Amino acid sequence: MAKQSVNIGVEGNDGTGDSIRESFRKANENFTELYAVFGQGGQISFRSLSDVPDQLGAYKVPQSNAVGDEILMKSIVGGQGITVDSLQADEIKISNTGTIISTDSTPSLGGPLNAANQGIANPDISTAAVLALNVAHGTSFTLDDLVITRGYSDARYLRSAGGPGASGQVRLRTEPASANSYTFTIEAFSGGNVVATGHGFEVNSNGIAYKYNSTGTDATGLSSGTTYYLRFVTVDQVSLHPSEEEAQNNDDSTRVRISVPAGSGSGLQTMFDAAYDNVLAGNWISTEALPRESVVRRDGDTMTGALYLHDHPGAHAGATPQSPYAYSLITQNKEYVADEVMAW
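Right under this line is the structure:
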(Lines of atoms letter the chains of each structure in order from A and count residues from 1; the text may use other names and numbers.)
(Lines give C-alpha, C1' and ligand atoms only; values in the text may rest on other atoms or scores of the structure.)
Protein backbone atom coordinates (compact mmCIF):
# COMPACT_ATOMS: atom_id res chain seq x y z
CA MET A 1 0.00 0.00 0.00
CA ALA A 2 1.29 3.47 -0.87
CA LYS A 3 1.53 6.16 1.82
CA GLN A 4 -1.84 7.83 2.54
CA SER A 5 -1.77 11.62 3.10
CA VAL A 6 -4.35 13.45 5.22
CA ASN A 7 -6.12 16.22 3.35
CA ILE A 8 -6.19 19.13 5.84
CA GLY A 9 -8.31 21.39 3.63
CA VAL A 10 -7.86 25.13 2.97
CA GLU A 11 -9.00 26.67 6.26
CA GLY A 12 -10.16 25.30 9.56
CA ASN A 13 -13.77 24.20 9.70
CA ASP A 14 -14.46 25.34 6.14
CA GLY A 15 -15.77 21.90 5.13
CA THR A 16 -12.80 21.07 2.93
CA GLY A 17 -10.25 18.31 3.53
CA ASP A 18 -10.68 14.92 5.22
CA SER A 19 -12.99 14.38 8.14
CA ILE A 20 -11.49 13.65 11.53
CA ARG A 21 -12.51 9.98 11.15
CA GLU A 22 -10.97 9.61 7.72
CA SER A 23 -7.81 11.39 8.81
CA PHE A 24 -7.21 9.04 11.73
CA ARG A 25 -8.00 6.00 9.54
CA LYS A 26 -5.23 6.98 7.15
CA ALA A 27 -2.86 7.65 10.01
CA ASN A 28 -3.63 4.26 11.57
CA GLU A 29 -2.99 2.40 8.31
CA ASN A 30 0.24 4.28 7.73
CA PHE A 31 1.47 3.35 11.21
CA THR A 32 0.30 -0.26 10.76
CA GLU A 33 2.57 -0.64 7.73
CA LEU A 34 5.44 1.05 9.54
CA TYR A 35 5.14 -1.34 12.48
CA ALA A 36 4.94 -4.28 10.07
CA VAL A 37 8.13 -3.18 8.32
CA PHE A 38 10.01 -2.96 11.61
CA GLY A 39 8.55 -6.18 12.92
CA GLN A 40 6.60 -4.55 15.70
CA GLY A 41 3.22 -6.02 14.76
CA GLY A 42 0.65 -5.73 11.99
CA GLN A 43 1.17 -6.95 8.43
CA ILE A 44 1.89 -5.58 4.99
CA SER A 45 0.82 -7.05 1.60
CA PHE A 46 3.58 -8.22 -0.74
CA ARG A 47 1.91 -6.35 -3.58
CA SER A 48 2.07 -3.15 -1.51
CA LEU A 49 5.83 -2.99 -1.93
CA SER A 50 6.83 -0.40 -4.52
CA ASP A 51 9.13 -2.77 -6.45
CA VAL A 52 6.49 -5.51 -6.80
CA PRO A 53 3.91 -5.65 -9.64
CA ASP A 54 0.33 -4.91 -8.61
CA GLN A 55 -0.79 -8.21 -10.22
CA LEU A 56 1.20 -11.37 -9.39
CA GLY A 57 -0.36 -13.63 -12.06
CA ALA A 58 -1.26 -17.32 -11.75
CA TYR A 59 1.42 -19.91 -10.83
CA LYS A 60 4.36 -17.48 -11.03
CA VAL A 61 7.43 -17.02 -8.85
CA PRO A 62 9.27 -13.73 -8.03
CA GLN A 63 12.69 -13.04 -9.48
CA SER A 64 14.82 -9.91 -9.51
CA ASN A 65 15.63 -8.28 -12.83
CA ALA A 66 19.10 -8.13 -14.38
CA VAL A 67 19.93 -4.87 -12.61
CA GLY A 68 18.59 -6.08 -9.28
CA ASP A 69 16.32 -3.12 -8.57
CA GLU A 70 12.93 -4.62 -9.39
CA ILE A 71 10.93 -7.78 -8.70
CA LEU A 72 9.50 -9.64 -11.73
CA MET A 73 6.92 -12.42 -11.71
CA LYS A 74 7.95 -15.32 -13.95
CA SER A 75 6.53 -18.74 -14.88
CA ILE A 76 8.59 -21.94 -14.55
CA VAL A 77 8.48 -23.72 -17.90
CA GLY A 78 10.00 -27.15 -18.57
CA GLY A 79 12.39 -27.63 -21.49
CA GLN A 80 12.87 -30.80 -23.52
CA GLY A 81 12.36 -33.83 -21.31
CA ILE A 82 11.21 -31.68 -18.34
CA THR A 83 7.65 -31.27 -17.01
CA VAL A 84 6.49 -28.77 -14.36
CA ASP A 85 3.46 -29.34 -12.13
CA SER A 86 2.36 -26.16 -10.27
CA LEU A 87 -1.19 -27.23 -9.46
CA GLN A 88 -0.49 -28.61 -5.98
CA ALA A 89 -1.26 -26.35 -3.03
CA ASP A 90 2.07 -26.78 -1.27
CA GLU A 91 4.65 -27.78 -3.90
CA ILE A 92 6.02 -27.28 -7.40
CA LYS A 93 7.03 -30.62 -8.91
CA ILE A 94 9.73 -30.61 -11.61
CA SER A 95 10.14 -34.01 -13.32
CA ASN A 96 12.74 -35.25 -15.79
CA THR A 97 10.99 -37.40 -18.38
CA GLY A 98 14.00 -37.55 -20.73
CA THR A 99 15.62 -40.43 -18.83
CA ILE A 100 12.68 -42.66 -19.75
CA ILE A 101 13.46 -43.56 -23.36
CA SER A 102 10.08 -45.21 -23.92
CA THR A 103 8.34 -41.86 -23.36
CA ASP A 104 10.73 -39.87 -25.57
CA SER A 105 9.42 -39.68 -29.14
CA THR A 106 12.78 -38.56 -30.56
CA PRO A 107 15.54 -40.08 -28.37
CA SER A 108 19.15 -39.46 -29.31
CA LEU A 109 22.38 -40.46 -27.58
CA GLY A 110 24.67 -37.72 -26.37
CA GLY A 111 27.69 -40.02 -26.19
CA PRO A 112 28.88 -43.63 -26.58
CA LEU A 113 26.47 -46.27 -25.29
CA ASN A 114 27.81 -49.00 -23.01
CA ALA A 115 25.49 -52.02 -22.95
CA ALA A 116 27.25 -53.19 -19.77
CA ASN A 117 27.17 -56.85 -20.86
CA GLN A 118 23.41 -56.72 -21.44
CA GLY A 119 21.58 -57.92 -24.54
CA ILE A 120 20.12 -55.50 -27.10
CA ALA A 121 17.52 -57.01 -29.41
CA ASN A 122 14.56 -56.54 -31.73
CA PRO A 123 15.61 -53.70 -34.06
CA ASP A 124 13.42 -53.06 -37.09
CA ILE A 125 15.39 -53.49 -40.32
CA SER A 126 13.10 -52.16 -43.02
CA THR A 127 12.50 -49.23 -45.36
CA ALA A 128 9.64 -48.10 -43.11
CA ALA A 129 12.00 -47.98 -40.12
CA VAL A 130 14.49 -45.83 -42.07
CA LEU A 131 11.70 -43.46 -43.13
CA ALA A 132 10.45 -43.09 -39.54
CA LEU A 133 14.00 -42.45 -38.31
CA ASN A 134 14.64 -39.75 -40.89
CA VAL A 135 11.30 -38.03 -40.24
CA ALA A 136 11.87 -37.97 -36.47
CA HIS A 137 15.43 -36.64 -36.59
CA GLY A 138 15.60 -34.82 -39.92
CA THR A 139 18.32 -37.16 -41.18
CA SER A 140 18.96 -38.96 -44.47
CA PHE A 141 19.91 -42.48 -43.35
CA THR A 142 19.48 -45.52 -45.62
CA LEU A 143 19.02 -49.23 -44.94
CA ASP A 144 22.81 -49.58 -44.95
CA ASP A 145 23.04 -47.41 -41.81
CA LEU A 146 20.77 -49.58 -39.66
CA VAL A 147 22.10 -51.90 -36.98
CA ILE A 148 21.31 -55.51 -37.94
CA THR A 149 20.63 -58.64 -35.90
CA ARG A 150 22.63 -61.86 -35.98
CA GLY A 151 19.70 -63.63 -37.65
CA TYR A 152 19.51 -60.98 -40.38
CA SER A 153 23.25 -61.37 -41.00
CA ASP A 154 23.19 -65.18 -41.05
CA ALA A 155 20.33 -65.17 -43.55
CA ARG A 156 22.15 -62.93 -46.03
CA TYR A 157 25.91 -63.38 -45.78
CA LEU A 158 28.27 -66.32 -46.19
CA ARG A 159 30.17 -67.43 -43.13
CA SER A 160 33.94 -67.60 -43.43
CA ALA A 161 33.82 -71.00 -41.69
CA GLY A 162 31.03 -72.33 -43.91
CA GLY A 163 27.29 -72.66 -43.71
CA PRO A 164 24.92 -75.20 -42.18
CA GLY A 165 25.94 -78.85 -42.44
CA ALA A 166 29.50 -80.05 -42.84
CA SER A 167 32.26 -77.97 -41.29
CA GLY A 168 33.73 -75.41 -43.70
CA GLN A 169 30.91 -75.84 -46.20
CA VAL A 170 30.12 -72.87 -48.47
CA ARG A 171 27.11 -73.44 -50.74
CA LEU A 172 27.26 -71.81 -54.18
CA ARG A 173 24.54 -70.95 -56.65
CA THR A 174 23.64 -73.17 -59.59
CA GLU A 175 24.28 -72.01 -63.14
CA PRO A 176 21.98 -69.12 -64.21
CA ALA A 177 19.59 -69.88 -67.06
CA SER A 178 21.00 -66.97 -69.07
CA ALA A 179 23.48 -64.09 -68.87
CA ASN A 180 20.73 -61.44 -68.98
CA SER A 181 21.12 -60.62 -65.30
CA TYR A 182 24.60 -59.20 -65.94
CA THR A 183 23.19 -56.28 -67.94
CA PHE A 184 20.98 -53.38 -66.82
CA THR A 185 19.50 -50.53 -68.82
CA ILE A 186 20.30 -46.90 -68.08
CA GLU A 187 16.94 -45.16 -67.83
CA ALA A 188 18.34 -41.65 -67.36
CA PHE A 189 21.03 -39.57 -65.70
CA SER A 190 20.15 -37.54 -62.60
CA GLY A 191 22.50 -35.40 -60.56
CA GLY A 192 25.36 -36.93 -62.52
CA ASN A 193 24.35 -40.47 -61.49
CA VAL A 194 22.97 -43.40 -63.47
CA VAL A 195 19.26 -44.03 -62.90
CA ALA A 196 18.24 -47.71 -63.06
CA THR A 197 15.12 -48.53 -61.05
CA GLY A 198 15.66 -51.44 -58.66
CA HIS A 199 19.22 -52.04 -59.88
CA GLY A 200 19.84 -54.54 -57.05
CA PHE A 201 23.23 -53.23 -55.95
CA GLU A 202 24.07 -52.58 -52.30
CA VAL A 203 26.95 -50.89 -50.46
CA ASN A 204 28.96 -54.13 -50.59
CA SER A 205 28.83 -53.80 -54.39
CA ASN A 206 30.91 -50.61 -54.35
CA GLY A 207 33.81 -50.96 -56.78
CA ILE A 208 32.21 -53.56 -59.04
CA ALA A 209 33.35 -53.19 -62.67
CA TYR A 210 30.78 -52.66 -65.46
CA LYS A 211 31.22 -51.80 -69.13
CA TYR A 212 29.18 -49.06 -70.76
CA ASN A 213 27.56 -49.45 -74.16
CA SER A 214 25.25 -47.34 -76.33
CA THR A 215 23.50 -48.23 -79.59
CA GLY A 216 23.46 -44.49 -80.42
CA THR A 217 25.75 -41.69 -79.34
CA ASP A 218 27.70 -42.10 -76.10
CA ALA A 219 26.73 -40.07 -73.06
CA THR A 220 29.01 -37.16 -72.20
CA GLY A 221 32.05 -38.40 -70.33
CA LEU A 222 31.41 -42.06 -71.21
CA SER A 223 32.72 -44.28 -73.98
CA SER A 224 31.22 -47.54 -75.23
CA GLY A 225 33.28 -50.59 -74.33
CA THR A 226 35.02 -48.78 -71.47
CA THR A 227 34.95 -50.20 -67.97
CA TYR A 228 33.64 -48.02 -65.13
CA TYR A 229 33.27 -48.75 -61.44
CA LEU A 230 29.93 -48.44 -59.66
CA ARG A 231 29.05 -47.05 -56.24
CA PHE A 232 25.67 -47.43 -54.53
CA VAL A 233 23.79 -44.13 -54.11
CA THR A 234 20.14 -45.14 -53.71
CA VAL A 235 18.05 -48.20 -54.58
CA ASP A 236 17.49 -46.60 -57.98
CA GLN A 237 20.81 -44.82 -58.62
CA VAL A 238 24.51 -45.63 -58.87
CA SER A 239 27.46 -43.33 -59.50
CA LEU A 240 30.29 -44.03 -61.96
CA HIS A 241 34.00 -43.80 -61.09
CA PRO A 242 37.27 -44.20 -63.01
CA SER A 243 38.72 -46.79 -60.62
CA GLU A 244 37.74 -49.33 -58.00
CA GLU A 245 39.56 -47.29 -55.35
CA GLU A 246 37.51 -44.18 -56.07
CA ALA A 247 34.24 -46.13 -56.04
CA GLN A 248 35.16 -47.43 -52.58
CA ASN A 249 36.39 -44.06 -51.29
CA ASN A 250 34.05 -43.06 -48.44
CA ASP A 251 35.31 -39.47 -48.26
CA ASP A 252 32.75 -37.32 -50.09
CA SER A 253 35.19 -34.41 -50.32
CA THR A 254 37.92 -36.33 -52.17
CA ARG A 255 36.03 -39.03 -54.10
CA VAL A 256 36.46 -38.71 -57.89
CA ARG A 257 33.19 -39.25 -59.76
CA ILE A 258 32.24 -39.16 -63.43
CA SER A 259 29.27 -36.80 -63.51
CA VAL A 260 27.06 -37.41 -66.56
CA PRO A 261 24.70 -34.57 -67.59
CA ALA A 262 20.96 -35.28 -67.66
CA GLY A 263 19.63 -36.15 -71.12
CA SER A 264 23.09 -37.11 -72.32
CA GLY A 265 23.54 -39.82 -74.97
CA SER A 266 21.07 -41.50 -77.30
CA GLY A 267 19.89 -44.96 -78.27
CA LEU A 268 19.75 -47.86 -75.84
CA GLN A 269 22.36 -47.29 -73.15
CA THR A 270 23.35 -50.24 -70.98
CA MET A 271 25.92 -51.41 -68.45
CA PHE A 272 27.08 -55.03 -68.37
CA ASP A 273 29.26 -56.90 -65.91
CA ALA A 274 32.90 -56.64 -66.99
CA ALA A 275 33.66 -59.98 -65.33
CA TYR A 276 31.36 -61.86 -67.74
CA ASP A 277 33.22 -63.57 -70.61
CA ASN A 278 30.93 -64.92 -73.33
CA VAL A 279 33.79 -67.03 -74.72
CA LEU A 280 33.69 -69.25 -71.65
CA ALA A 281 31.13 -72.02 -71.58
CA GLY A 282 28.18 -71.53 -69.25
CA ASN A 283 26.47 -68.46 -67.77
CA TRP A 284 28.70 -67.75 -64.78
CA ILE A 285 30.94 -64.71 -64.58
CA SER A 286 34.61 -65.46 -65.10
CA THR A 287 35.72 -64.75 -61.53
CA GLU A 288 33.15 -66.62 -59.46
CA ALA A 289 33.50 -70.01 -57.76
CA LEU A 290 31.52 -72.87 -59.32
CA PRO A 291 29.53 -75.50 -57.45
CA ARG A 292 30.75 -79.11 -57.25
CA GLU A 293 28.22 -80.32 -59.79
CA SER A 294 29.78 -78.12 -62.48
CA VAL A 295 33.50 -78.76 -62.01
CA VAL A 296 35.82 -81.69 -62.73
CA ARG A 297 37.36 -83.42 -59.72
CA ARG A 298 41.15 -83.86 -60.01
CA ASP A 299 41.10 -87.19 -58.19
CA GLY A 300 38.78 -88.62 -60.81
CA ASP A 301 35.32 -87.79 -62.09
CA THR A 302 32.57 -88.60 -64.58
CA MET A 303 31.75 -85.89 -67.08
CA THR A 304 28.30 -85.14 -68.47
CA GLY A 305 29.56 -83.01 -71.39
CA ALA A 306 32.35 -82.88 -73.91
CA LEU A 307 35.85 -81.74 -72.90
CA TYR A 308 37.62 -79.47 -75.39
CA LEU A 309 41.42 -79.39 -75.34
CA HIS A 310 43.54 -76.30 -75.89
CA ASP A 311 45.19 -77.53 -79.08
CA HIS A 312 46.21 -80.58 -81.14
CA PRO A 313 49.40 -82.39 -80.12
CA GLY A 314 52.64 -82.58 -82.06
CA ALA A 315 52.71 -81.67 -85.74
CA HIS A 316 49.00 -80.93 -85.79
CA ALA A 317 49.30 -78.08 -83.27
CA GLY A 318 47.48 -75.00 -84.48
CA ALA A 319 45.56 -76.89 -87.15
CA THR A 320 41.91 -76.10 -87.65
CA PRO A 321 39.25 -78.81 -87.96
CA GLN A 322 39.19 -78.19 -91.75
CA SER A 323 42.95 -78.85 -92.26
CA PRO A 324 44.15 -82.28 -93.37
CA TYR A 325 44.62 -84.76 -90.56
CA ALA A 326 43.17 -82.25 -88.10
CA TYR A 327 40.30 -83.44 -85.96
CA SER A 328 38.00 -81.82 -83.43
CA LEU A 329 39.56 -80.66 -80.15
CA ILE A 330 37.11 -82.84 -78.23
CA THR A 331 38.96 -85.49 -76.20
CA GLN A 332 38.14 -89.08 -77.18
CA ASN A 333 38.13 -92.33 -75.24
CA LYS A 334 40.34 -95.37 -75.93
CA GLU A 335 37.77 -97.25 -78.00
CA TYR A 336 37.20 -94.26 -80.32
CA VAL A 337 40.94 -93.82 -80.88
CA ALA A 338 41.38 -97.54 -81.58
CA ASP A 339 38.58 -97.48 -84.14
CA GLU A 340 40.11 -94.46 -85.87
CA VAL A 341 43.55 -96.11 -86.05
CA MET A 342 42.07 -99.26 -87.54
CA ALA A 343 40.23 -97.16 -90.11
CA TRP A 344 43.56 -95.72 -91.28
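Quick note on numbering: the sequence shown equals residues 1 to 344 in full-length UniProt numbering.
Ideal Cβ placement from N, Cα and C applies to all residues, glycine included.
On a predicted model such as this, the values are computed, not experimentally measured, just so you know.
Taken in chain order, the complete alpha helix (DSSP H) segments of 4 or more residues contained in the stretch 145-226 are 150-156. The C-alpha of threonine 32 lies about 31 Å from the C-alpha of glutamate 91. Our two residues, glycine 282 and phenylalanine 272, have alpha carbons roughly 17 Å apart in a direct line. Glutamine 237 has Val195, Thr234 as its beta-bridge partners, per DSSP.
Annotated three-state conformation of threonine 106 is coil, per DSSP. Assignment of serine 19 by DSSP, reduced to helix, strand and coil, places it in the coil class. When the beta-carbon positions are compared, phenylalanine 189 and histidine 199 stay at least 7 Å from each other. Taking a cut-off of 8 Å on C-beta distances, the stretch 255-267 touches the stretch 219-239, as three or more cross pairs fall below it. In the three-state reduction of the DSSP assignment, valine 130 falls in the helix class, which pools H, G and I. Following the DSSP letters along the chain, one finds threonine 287 in no beta strand (DSSP E), marked with neither H nor E. Annotation: aspartate 85 to glutamine 63 spans about 19 Å, alpha carbon to alpha carbon. Judged by beta-carbon spacing, phenylalanine 141 lies beyond the 7 Å limit of leucine 131, meaning their Cβ atoms are not closer than that value.
Bridge partners of aspartate 273 according to DSSP: Tyr210. A direct Cα-Cα distance of roughly 7 Å separates valine 52 from leucine 72. Per DSSP, the beta bridge partners of threonine 83 are Ser95. In the DSSP assignment, the residues bridged to valine 61 are Lys74.
As the crow flies, the alpha-carbon of alanine 209 is around 7 Å from that of glutamate 244.
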